[in-house]
Amino acid sequence: MDYTFKFANNEAAAAVLQGQECVDANSLRKFMERASEEAAKKKRLGSSRRYNREDPKLNTLSFCQMMTDLIVKAGDATLVGLLLEKFVIGVDKKIMFADGIASLTQAFEWASVKDAVLNALNTSKVKYSYSWEADESIQLILQVLKRLKRGEAQTALLEEAVKKAINFPPKILVKARCRSLLIKLTIEYGDVVILTRLVDHFKTIKPNDLNTVIKAVSEHATDLNPNDEKFAVLASIVEPRLEWLNQQLDKLDKPFSWEMPDAIFVDKARVQAFLRGPEIVMTTRGLVYFRDLQHAQRWTRHTQENASFELTAEGSGHDAFVTITKARPVIFTRNNKHT
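Residues are numbered in my numbering as their position in the sequence shown, beginning at 1, plus a constant of 2.
Right, here's the structure in full:
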């Protein structure tokens, strides 16, 4: 072993080991521990250099692929934890190890590798703030569990994925790229309890924010029988969205109104009453008296509060006046508020 590591890197040494007819678990354990020491030395040496052309992630992936095959052949579940702890847990982008983790999980009893696998799949954060964090945290679990056969391990990983999903604020989760795959696998492999847990979490946000969830549900629930309990659970998230859409359609059917019920015009009560009423145009004739047109123009700088209108100075001398015309854009916004 010393000779091999002296003249070859971890990947080459693993290839030599893989070429042997039989490798017992004890020898494999010693090899991985030695390889871990060599990797640590190489990392320290690499960090002291300004340039390093090798991609350590690719080297680790190749090494772990060979180790996975050897561990499965050796049939020792304790080696799973050693490999994941020494070579996977500290890697940033763990998703490239999904195939290997799935192979190791499938090869042994779930109870014997559960702690090691879950520890490797977990991230250090408890609370998350961005959708990309949801993707990185949940996507790896989903990629592993979809490679597994139906059974205890797959169910446990699905529960873990849903638990992580619920840990994210729903407004973040609906924007995460993993949401569609999460919904798909929960429908396919989860029971009613797990599915209900996920759906109830999505239902805590406003119906108008559920578009991406409804799209995923409609895409992945097509094969469900209407009499299936899962169908009823999924329908419970679609119904509030449909009700909200119907409300928006009802608003479109209502006639447009020029009324601004919250308008405030401090100087003149009659102007305020006009803004709150249905009329569109009024003038200040008989209401406000101006010395000249310039005086009227200064009056057009009046502030607008909860209202939208245009003030136009016209006339001349003592006959100057201001025309007040309601503006449609803000009125339209008010009439379609919450749409």
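The beta carbon of each residue, even a glycine, is placed where N, CA and C say it ideally should be.
query	result
Bridge partners - LYS270, DSSP secondary structure assignment	Per DSSP, none; premise fails for LYS270.
Cβ pair ILE140, VAL119 closer than 8 Å	no
ILE185, buried or exposed, once every other Cβ within 10 Å from all chains shown has been counted against 16	buried
Residue of LEU313, PHE204 and THR302 minimising C-alpha distance to PRO172	PHE204
Integer-rounded CB distance, given that LEU197 should sit under 8 Å from ARG243	In fact, because the Cβ distance is near 17 Å, the residues do not count as touching under 8 Å.
Anticipated Cβ contact below 8 Å, GLY385 with PHE323, distance rounded	Outside the shown range of the chain, which is 3 to 341, sits residue 385, and nothing can be said about it.
Whole-angstrom distance between ARG278 and ALA271, CA atom to CA atom	11 Å
Within 8 Å, strictly: CB atoms of ALA76 and ASP117	no
Beta-carbon proximity check, LEU19 vs LEU86, cutoff 8 Å	no
Buried versus exposed call for PHE258 [16 or more other C-beta atoms within 10 Å across all chains shown]	exposed
Three-state secondary structure (DSSP) of MET68	helix
Reference TYR291, options ALA315, GLN306 and PHE276, closest by Cα	ALA315
Cutoff 8 Å; reference CYS66; Cβ partners in own chain excluding five residues on either side	LEU85, PHE89, VAL90, PHE99 and GLY102
Exposure label - GLN296; buried when at least 16 CB within 10 Å	exposed
Supposed close pair LEU159, VAL146 - CB separation, criterion 8 Å	6 Å
Beta-carbon proximity of ILE282 to TRP301, cut-off 8 Å	no
Where the beta strand (DSSP E) through LEU289 begins and ends	It is not in any beta strand (DSSP E) - LEU289 carries neither H nor E in the DSSP assignment.
For GLU39, the residue or residues it bridges with in DSSP	GLU39 pairs with nothing; no bridge assigned.
GLN284, DSSP secondary structure in three states	It is Met, not Gln, that sits at residue 284 in the sequence shown. Here MET284 sits in strand by DSSP.
Opening and closing residue of the alpha helix (DSSP H) in which GLU307 lies	Element bounds for GLU307: n/a, residue is neither H nor E.
HIS222 to ILE97 span [Cα, whole Å]	23 Å
Residue of ASP294, SER238, ALA234 and ASN308 minimising C-alpha distance to PHE267	ASN308
Proximity of ASP230 and ARG179 at Cβ, strictly below 8 Å	no
Burial state of GLN250 (16 or more Cβ within 10 Å)	exposed
Enclosing beta strand (DSSP E) for PHE323 [first to last residue]	323-328
Pair within 8 Å by beta-carbon distance, VAL74 and SER29	no
Through-space distance from VAL195 to PHE170, alpha-carbon basis	19 Å
Limits of the alpha helix (DSSP H) - the one that VAL93 falls within	Looking at the DSSP string, VAL93 is not in any alpha helix (DSSP H), and its letter there is neither H nor E.
PHE204: first and last residue of the uninterrupted alpha helix (DSSP H) it sits in	194-204
Local Cβ density within 10 Å of ALA265, reported as buried at 16 or more and exposed below that	buried
Simplified DSSP state of GLU111, which is helix, strand or coil	coil
Separation of ALA109 from LYS165, as counted between CA atoms	25 Å
As assigned by DSSP and simplified to three states, the class of THR314	strand
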